[in-house]
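Novice:
Numbering (our numbering), first residue to last: 17 to 387.
1. So is residue 40 buried or exposed if we call it buried at 16+ other beta carbons inside 10 Å?
2. By the three-class DSSP mapping on this structure, what secondary structure does residue 197 have?
3. So residue 240 is in the beta strand (DSSP E); what residue range does that whole segment cover?
4. Three or more beta-carbon pairs under 8 Å between the stretch 57-69 and the stretch 134-142, yes or no?
5. Tell me which same chain residues have a C-beta within less than 8 Å of the C-beta of residue 103, skipping the five on either side of it?
6. Which same chain residues, not among the five before or five after residue 111, have their C-beta less than 6 Å away from its C-beta?
7. Buried or exposed: which applies to residue 248, given that a residue is buried once 16 or more other Cβ atoms fall within 10 Å of its Cβ?
8. Is the beta carbon of residue 384 less than 8 Å from the beta carbon of residue 274?
9. Give the single residue among 292, 293, 239 and 44 whose Cα lies nearest to the Cα of residue 213.
10. Who are residue 383's beta bridge partners in DSSP?
11. Does the distance from the CB of residue 120 to the CB of residue 74 come in under 8 Å?
12. Check whether the stretch 178-193 touches the stretch 227-244, counting contact only when three or more Cβ pairs, one atom from each stretch, lie closer than 8 Å.
13. Quick one: using the 10 Å Cβ neighbour count with 16 as the cut-off for buried, is residue 271 buried or exposed?
14. Return helix, strand or coil for residue 85, following the three-state DSSP convention.
15. Would you say the beta carbon of residue 127 comes nearer than 7 Å to a heavy atom of the ligand COA?
16. Pick out whichever of 222, 278, 153 and 194 has its Cα sitting closest to the Cα of residue 59.
17. Does residue 289 come out as helix, strand or coil in the three-state DSSP assignment?
18. Give me the Cα-Cα distance between residue 204 and residue 49, rounded to the nearest whole angstrom.
19. With the cut-off set at 8 Å, would you say residue 108 and residue 122 are in Cβ contact?
20. Rounded to a whole number of angstroms, what is the C-alpha to C-alpha distance between residue 387 and residue 262?
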């Protein structure tokens, strides 16, 4: 047996996107109109047709749900707990976009809430979905798409992805329109998906260039721009004005960030990140423990075998790298930063520790986000 311990045990992939300055984007891609974010719905239902992978009979709410459902069809089952391993209790959720009309179809997500081991091959039975106000929005039903598999036999298991959650494509059929009120007294508000004062100011300036809106735009905060539409406009004219606003291109201002995900070992460096000149010395410590089992030969003229003897060999290796200066120009790009870090000749996983140290020393001119 070999155990390896390093000062950094996270395998990392360094993703660097070479972009500098502000990038132009349409307003419809970076902002939304208040009141048009959609409706979230939820419901409780049953999935049938599973291959002995449903809820156990000890899951009382599943047994009760099946009993209540069968009573609606005039079927009464015994009071004793029946064995129904082909049925699973699930929660059904969906986010319905605004402006969809009655009869439209929407995908739904299905997740097990009992002890079912797999929803593979199941069919969602007719399930009413409710909004936050308790109103029935539509009914969901259909075959499940799991996107994975899970097979078990005689203590062995082969699986991929999670099979206790699934999706029903176009499973929800709306029973009413999803209306949204986005114009109130000829007043609308546009909200940035990522609040930023500079981007909000540029968005307000761009909207003022639309005909009739020169003096009707107000930036409220870092995320919201308020627009007073011309009085007397019809709803059709309001839609035309909003359409002109949506296609405007503005320069987005992105904060300098370095995002580190220690669980996956991923590092993403933003385009506005800057490094000050620094000196870095980095070394790695590796400890290898090799376990050996020695079985002595049996002594002559004896019947009982000798007990095995365990031994271990410990090897310690320390990698020492000389100090490396990081010389970065004031107008450095992301590629320049990548080239400077490559001069360190360290393994990608060690860059996580280096970025953290650079932030502590003040050499990293960016926000360090650790997920």
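Ideal Cβ positions, reconstructed from N, Cα and C, are used throughout, including at glycine.
Specialist: Let me spell this out:
1. Sequence index remark: in the chain shown, residue 40 carries index 24 (1-based). Per the 10 Å Cβ criterion, exposed.
2. Here residue 197 corresponds to residue number 181 of the chain shown, with the count starting at 1. Three-state result, residue 197: coil.
3. The residue you call residue 240 lines up with position 224 of the chain shown. 240-244 is the extent of the beta strand (DSSP E) around residue 240.
4. yes
5. Taking the chain shown and counting its residues from 1, the one referred to as residue 103 is at position 87. For residue 103, where only same-chain residues beyond five positions count, the Cβ hits under 8 Å are 62, 63, 64, 66, 70, 71, 78 and 82.
6. Sequence index remark: in the chain shown, residue 111 carries index 95 (1-based). For residue 111, where only same-chain residues beyond five positions count, the Cβ hits under 6 Å are 54 and 56.
7. Taking the chain shown and counting its residues from 1, one reaches residue 248 at position 232. That one is exposed.
8. If you number the chain shown from 1, residue 384 lands on position 368. If you number the chain shown from 1, residue 274 lands on position 258. Yes, they are a contact pair.
9. Position 197 of the chain shown, counted from the first residue, corresponds to residue 213. The option with the nearest alpha carbon to residue 213 is 239.
10. Here residue 383 corresponds to residue number 367 of the chain shown, with the count starting at 1. Residue 383 is bridged to 273.
11. Your numbering for residue 120 matches position 104 in the chain shown. Your numbering for residue 74 matches position 58 in the chain shown. Against a cut-off of 8 Å, the Cβ pair of residue 74 and residue 120 comes out as no contact.
12. no
13. Here residue 271 is taken as the residue at index 255 of the chain shown, counted from 1. With fewer than 16 Cβ atoms within 10 Å of its Cβ, residue 271 is classed as exposed.
14. By 1-based counting over the chain shown, the position of residue 85 is 69. It is helical.
15. By its list of ligands, the structure shown contains no ligand whatsoever, and the ligand COA lies outside what it can speak to.
16. Taking the first residue of the chain shown as 1, we reach residue 59 at position 43. Closest by alpha carbon: 153.
17. Along the chain shown, read from residue 1 onward, the residue named residue 289 stands at position 273. Coil, per DSSP.
18. Taking the chain shown and counting its residues from 1, one reaches residue 204 at position 188. Taking the chain shown and counting its residues from 1, one reaches residue 49 at position 33. So the two alpha carbons sit approximately 7 Å from each other.
19. Residue numbering aside, residue 108 sits at position 92 when the chain shown is read from its first letter. Residue numbering aside, residue 122 sits at position 106 when the chain shown is read from its first letter. Contact flag unset, no.
20. Working through the chain shown from its first residue, we reach residue 387 at position 371. Working through the chain shown from its first residue, we reach residue 262 at position 246. Taking the straight line from one Cα to the other gives about 33 Å.
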